[in-house]
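**Q**
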Amino acid sequence: MSLPLFPLNTVLFPGCNLDLQIFEARYLDMIGRCMKQGVGFGVVCILEGSEVGAAPEGFAMVGCEARIIDFQQQDNGLLGIRVQGGRRFKVLRSEVQRDQLIQADIEWFDDEPEQPLQDEDADLVALLKALAEHPMVEALDMGTEASGQQSLANQLAYLLPFAEEDKIDLLQLDNPQQRLDAIQALLDELQGELFA
Numbered sequence: 001m002s003l004p005l006f007p008l009n010t011v012l013f014p015g016c017n018l019d020l021q022i023f024e025a026r027y028l029d030m031i032g033r034c035m036k037q038g039v040g041f042g043v044v045c046i047l048e049g050s051e052v053g054a055a056p057e058g059f060a061m062v063g064c065e066a067r068i069i070d071f072q073q074q075d076n077g078l079l080g081i082r083v084q085g086g087r088r089f090k091v092l093r094s095e096v097q098r099d100q101l102i103q104a105d106i107e108w109f110d111d112e113p114e115q116p117l118q119d120e121d122a123d124l125v126a127l128l129k130a131l132a133e134h135p136m137v138e139a140l141d142m143g144t145e146a147s148g149q150q151s152l153a154n155q156l157a158y159l160l161p162f163a164e165e166d167k168i169d170l171l172q173l174d175n176p177q178q179r180l181d182a183i184q185a186l187l188d189e190l191q192g193e194l195f196a
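1 is the number of the first residue of the sequence shown in the UniProt record's numbering; add one for each residue after it.
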């Protein structure tokens, strides 16, 4: 399966919304093709290089499909789109095209079925509700209800201020319980740093 990639300084997770401003020709063309064909594109996190200009030298080999759910002309004349994270994928190989767009051969991860929330997830559910009240999170309009462990893990991994490398590791975890445990461990580390 071939997918155009949009490398960003962020990690997108399934079910999470991301607002983008599109101004480079390669991405305007890509978005146009995606909208005509009703398909998504891949968001991968940049490890080396920048979002603008030449294709970044290094990016994560795992990413998340982005499906366009809304678009509008911004006040500054640029195209604004809102995407929602779809399926997770791993990059098998990629090539930079003449216009600096990266085209990748990918393989989809097999997502485990949603697991019901457990009693021990209550603190993390409360944390998600608290995060949802932040104006920047509210503006993403993702809803704040976690439908299960997978949804809770994805939203927390996306919204919490973890390092991008940690988010990439979280994105790779298939098991929702393992992902929630890893999130809790990262939270404990963050709290340790705050009170150190």
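Built from N, CA and C at the ideal position, the CB exists for glycine as well. All figures in this text were calculated on a predicted structure; none of them were measured in a lab.
1) Buried or exposed: M1, going by 16 or more other Cβ atoms within 10 Å of its Cβ?
2) Suppose the cutoff is 6 Å on Cβ atoms and the five residues either side in sequence are ignored; what does the same chain contact list for S94 look like?
3) For G58, which of L8, L28 and S151 has the nearest alpha-carbon?
4) Tell me, to the nearest whole angstrom, how far the beta carbon of G40 is from that of Q155; I am working on the premise that it is less than 8 Å.
5) By how many angstroms is the C-alpha of D119 removed from the C-alpha of P56?
6) Could you tell me if R88 is buried or exposed, where buried requires 16 or more neighbouring beta carbons within 10 angstroms of its beta carbon?
7) I need the DSSP call for R33, collapsed to helix, strand or coil.
8) Label Q21 either buried or exposed according to how many other C-beta atoms from any shown protein chain fall within 10 Å of its C-beta, with 16 as the threshold for buried.
9) Give the range of the beta strand (DSSP E) segment to which V44 is assigned.
10) Using DSSP bridges, identify the partner residues of R88.
11) Tell me which residue opens and which closes the alpha helix (DSSP H) that L8 is part of.
12) For A60, which residues from the same chain have a beta carbon less than 7 Å from its beta carbon, with the 5 sequence-adjacent residues on both sides left out?
**A** Once the coordinates are examined:
1) exposed
2) I102 and A104
3) Out of L8, L28 and S151, L8 has the C-alpha closest to the C-alpha of G58.
4) Not quite, the Cβ-Cβ distance comes to about 19 Å (not below 8 Å), so this is no contact.
5) 43 Å
6) buried
7) Helix at R33.
8) exposed
9) F41 to E48
10) Looking at the DSSP assignment, R88 forms a beta bridge with C64.
11) From DSSP, L8 is part of no alpha helix (DSSP H) but of the beta strand (DSSP E) over S2 to L8.
12) V44, C45, L47 and I168
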